[in-house]
Structures are given as C-alpha cells and as structure tokens.
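According to the working numbering, the sequence shown is numbered sequentially starting from 12. Think of the CB as a built atom: it goes at the ideal place given N, C-alpha and C, for glycine as much as any other residue. Values in this document were obtained by computation on a predicted structure and should not be read as measured data. Remarks on the structure that follows.
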Amino acid sequence: MELSSLYTQVILDHNKETKNRREILGHTHKERGHNPSCGDDITIEAKIEDGIIKDLAYHGHGCSISQASASMMTDLLTGKTVEEALALVEIFLSMIKREIDDIDYLEEVLDEASILQGISNLPARVKCAVLAWHTLKEAIAKNQ
C-alpha cells in the first residue's frame, strides 16, 4: 500500500471511529474549541483523577482531519498522567509546526498521530489538526 493511501485510510478510519466520540458523565474537565475558518466545533471532556486521565472523549462536528486528530489524541492520551499528556500535546504541536521532524521518534511517542505530520504542508488544514490538542490543553489549564 502506498504511503498516501495508508495516510488517507488512517484518517478515514479515525474519522469514522466512535468509541471516544461521546460525552463523559461526571467529567472533571470540559472545553469547547472552534475553528471559524472552516467551521470545526469540538468539545473535549476528560475525567482526571489523582493526576491521571481516566477517560477522554470528544463530541461535535468538523472535517475528517479534525475528527481523526481528536480520535487519535483520545486514544493516545487516555491513561496518561496530566504531565505526560501535556508533554505529548507539545510534541504533537511541535511536529505540526515543523520543529520536530524525526519520524522514528514521532512514531514512537505519538503512535498513529504521527501520521498527521504531513498536515504541516497544508497551511489551511493545520488549525483542523491541532484543534482538539489545543482544546484539551485549555481544559487542563482552566482546571488546575
């Protein structure tokens, strides 16, 4: 399978994934993110107990990149400590800003989210890819 086909398939699979596209009853953190340039609107909810992200979910609507990125983020960060999660958010954002381009390192720490590295070449889509990550960061910051 060609790399571009693999990239497209992973995005489509995560866009369709629904296990983390839901509301969390009893969430401890909640934040809405909106991208006015394309209409993406997402709400991130988390249940954080004893410094660990016990549950992480999102709901809302948006393009396939924003929804896939949110799905990848929730998969990656659930079960992590808040400190680990925030460090991974920064790595993801640095990847999108082209500050980190070591693909082996990115695949190791970001898992499937590393596939979004190519978004940095599509300026109009960058906000789509980072929306969920920035929104989670805000949710955590507001509740600390």
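Checklist entry - For H70 versus E34, is the C-beta spacing smaller than 7 Å? => result With a cutoff of 7 Å on beta-carbon distance, H70 and E34 are scored as near each other.
Next on the checklist: So, for I151: in the same chain, excluding its five sequence neighbours on each side, which residues have a beta-carbon less than 7 Å away from its beta-carbon?
Outcome noted: Closer than 7 Å at Cβ, skipping near neighbours: H40, V93 and L97.
Checklist entry - Does DSSP put M12 in a helix, in a strand, or in coil? => result Caution applies to M12, whose pLDDT of 40 falls short of 50 and renders its modelled position unreliable; the model cannot decide the point.
Item to check | Buried or exposed (CB count within 10 angstroms, at least 16 for buried), E13 | outcome: Residue placement at E13 is poorly supported in this model, since its pLDDT is 44, which falls under 50; the coordinates are not used for a value here.
Checklist entry - Cβ atoms of C139 and D51: under 7 Å apart, would you say? => result Yes, they are a contact pair.
Checklist entry - Per DSSP, which one or two residues make a beta bridge with Y69? => result DSSP, once it has assigned bridges, lists R32 and I55 as partnering Y69.
Item to check | Any alpha helix (DSSP H) of 4 or more consecutive residues that is wholly inside the segment 67-145 | outcome: Counting whole runs of 4 or more residues, the segment 67-145 contains the alpha helix (DSSP H) stretches 75-88, 93-107 and 114-121.
Item to check | Integer-rounded CB distance, given that L147 should sit under 8 Å from I63 | outcome: Contact flag wrong, Cβ pair sits at about 14 Å.
Item to check | Closest Cα partner of L88 within the set M106, K108, S75 and K58 | outcome: Shortest Cα-Cα distance from L88 to any of M106, K108, S75 and K58 involves K58.
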